[in-house]
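Novice: One structure, pasted below without further comment.
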Amino acid sequence: MKEIQYIIAKIISRLKREKHKETVLNYFRKEGIQIGGGVNICSNIVTTESHLISIGDNTTIAGNVTFVTHDHSIAKVIKGTSDLFGRITIGKNCFIGSNAVILYGVTLCDNIIVAAGSVVANSFHEERIIIAGNPARKISTWEKFAEKSEGKAWNLGNMTREEEIKLHQADYRLIER
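For the sequence shown, our numbering begins at 75 and goes up steadily by one.
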């Protein structure tokens, strides 16, 4: 049911041609998630404990990100128990990459990039870092990332989709790994 509500919110947002997808953000807020201003969420991050999630201003959550606010495995270890719960707090100006998993009890301070596919099982209190892996660990700083990406980054703000596609076809500023 929650997935259907999320899809409906996305459809309404597109029909309204909302630049910042306020309909989707309002859906998340209604579910109990605390969301700052200028946030962009491209995943359905609703859980049964959405009230345990907080996202700071200007943060982006990419597609297929999962927020895990509880864990039932403790019931196998300690008889008579059922769950472990924890808050998930994402700071301001963070970026959570596609397919990342953020586990219960995790706090990310401001200005952190989480690489795609990472499993964040521990909190990070150092700003301006990039974390990646399973479990996620610090792999770089914003300064090193900026230096490495200089001359390759794009500004799509003044470009049409057609212009972007033509540049892609011409291999303009494409990253090779």
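Ideal placement from N, C-alpha and C gives every residue a C-beta, glycine not left out.
Could you check where the beta strand (DSSP E) with V188 kicks off and where it finishes?
Specialist: Here the beta strand (DSSP E) through V188 covers 186 to 188.
Novice: Which of helix, strand or coil does DSSP assign to N100?
Specialist: It is helical.
Novice: From Y246, I115, I176, pick the residue whose C-alpha is nearest to that of I162; which is it?
Specialist: The shortest C-alpha separation from I162 is found at I176.
Novice: What residues are listed by DSSP as bridge partners for Y114?
Specialist: At residue 114 the sequence reads Asn, which differs from the Tyr that was named. Its beta-bridge partners are T134.
Novice: What are the start and end residues of the alpha helix (DSSP H) that includes I148?
Specialist: Run containing I148: 148 to 151, per the alpha helix (DSSP H) assignment.
Novice: Distance check for R202 and E217, CA to CA, integer angstroms please.
Specialist: Approximately 8 Å, taken between the alpha carbons.
Novice: Based on Cα-Cα distance, which residue from S124, T181, N185 lies nearest to N196?
Specialist: Taking only the C-alpha atoms, the option nearest N196 is T181.
Novice: DSSP on L182, reduced to helix/strand/coil?
Specialist: Note: L182 maps to strand in three-state DSSP.
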